[in-house]
Amino acid sequence: MIELGGALTPFFEQGLDSPSHDELDRAFERAGLTEGDPRRSSTDPIGKAKRVRAVFIYAADHVPQSGLALAQHLVALCRVKNEFDTDSASCPGLDKIEALRRSFESLGYSLDNTGALRPLVIDNLSGTKLTDALQSYVRRANASPDDAPLQIGNGKDLDEATARHVLEQKIGAYSQNGNFPFTLAQAFLQLGLEPAHQNTAKTLDGDPHKAVQQCLYQLACAVNKLRNEVGTGHGRPSAPSRTTPLTSAEARLVARATALVSGMLLDSL
């Protein structure tokens with residue numbers, strides 16, 4: 002969110018015919034981010050750029066999903082002011098538009114030359130471009146879970162699209178007839194990861210809501226076991242005896258898994 006806010010700030014610099022302070026008031030209120038606005042009254046001598054920057058920092062620390070919604074709102078207001086028209090005196094510059102485009106792309110959105118925002122489409126992408134696009138969807142899901150893209154392309158969900166991409170990169174193709182568990186297991190194996198035994202699913206509750214809860218419980222227990230073994234949080238000076246030390250990627254995964262389970266518990270409170 003801080004990067005996105007930084008990319009939007011130049012559109013509100015002094016001297017541009019940018020959206021008004023009143024429009025910013027309404028946009029911040031609509032996004033539920035007025036607490037982050039340093040301008041407390043209409044007489045406060047605070048510029049629009051400073052307000053925008055401060056609110057996005059607040060959003061990054063408290064409600065990232067609201068920051069994304071606010072960014073979409075502000076882009077729409079800037080379009081009305083012709084700030085994406087490079088021939089207009091309101092335009093902050095092509096380089097500023099390009100920087101904003103890159104910021105949105107990292108969150109799974111495509112910003113065209115007119116300022117129109119659309120979700121990235123992955124159907125015609127391949128190789129590293131598809132990898133980057135899928136990573137942007139993951140970032141978007143982390144930044145804005147309420148707006149997370151459960152379906153992308155022509156009906157493929159994010160996990161399945163990613164698993165298929167892994168297989169295409171590793172072995173050149175994936176089975177068109179394979180179901181989701183099969184495709185995901187094949188992707189795990191190609192990456193040297195360990196998929197759950199096929200009989201594991203039979204031990205889960207028949208209600209998929211409860212099955213997800215059971216899996217999250219198992220995830221938390223497995224992560225806790227790993228943390229205990231590698232010494233995370235215990236200050237253990239020696240190397241783990243029953244497994245290998247954590248890699249940087251595994252450390253990030255442990256942190257995300259911990260946040261995922263904690264988030265579920267707090268959301269259910």
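The numbering of the sequence shown is the working numbering, which starts it at 2 and goes up by one. Every residue gets a Cβ at the ideal spot worked out from N, C-alpha and C, and that includes glycine.
- In this structure, Val-262 sits near Leu-217, with a CB-CB distance shorter than 9 Å.
- Here Leu-118 carries a strand assignment [DSSP, helix/strand/coil].
- In this structure, the straight-line span from the alpha carbon of Lys-82 to that of Pro-20 is close to 7 Å.
- Within the segment 20-72, the runs of alpha helix (DSSP H) at least 4 residues long that lie entirely inside it are, in chain order, 22-32, 49-63.
- Assigned with DSSP and collapsed to three states, Ser-111 falls in strand.
- When the alpha-carbon of Glu-99 is set against those of Ala-72, Phe-85, Ser-89, the nearest one is in Phe-85.
- Between Pro-46 and the set Gln-73, Phe-29, Gln-15, the nearest pair of CA atoms involves Gln-15.
- Every alpha helix (DSSP H) of 4 residues or more that sits fully in the segment 174-255 is shown, in chain order, as 181-191, 209-231.
- Per DSSP, reduced to three states, the secondary structure at Gln-170 is helical.
- Using a Cβ distance threshold of 9 Å, Gly-37 and Ala-55 count as a contacting pair.
- Around the beta carbon of Pro-39, a 10 Å sphere encloses fewer than 16 other beta carbons of the protein chains shown; the residue is thus reported as exposed.
- Three or more pairs of CB atoms, one per stretch, sit closer than 8 Å, so the segment 162-178 contacts the segment 187-195.
- Bounds of the alpha helix (DSSP H) holding Leu-101 are 95-106.
- Taking the Cα positions, Asp-26 is about 11 Å away from Gly-33.
- Put simply, the backbone Cα of Ala-117 is about 21 Å away from that of Pro-65.
- One thing to note: Ser-127 has its Cβ no nearer than 9 Å to the Cβ of Arg-119.
- Residue state for Ala-164 is assigned as helix, using DSSP reduced to three classes.
- Taking Lys-171 as reference, the option from Pro-209, His-210, Thr-201, Thr-129 with the minimal CA-CA separation is Thr-129.
- Around the Cβ of Pro-246, a 10 Å sphere holds fewer than 16 other Cβ atoms; the residue is exposed.
- Leu-17: not part of any alpha helix (DSSP H); DSSP gives it neither H nor E.
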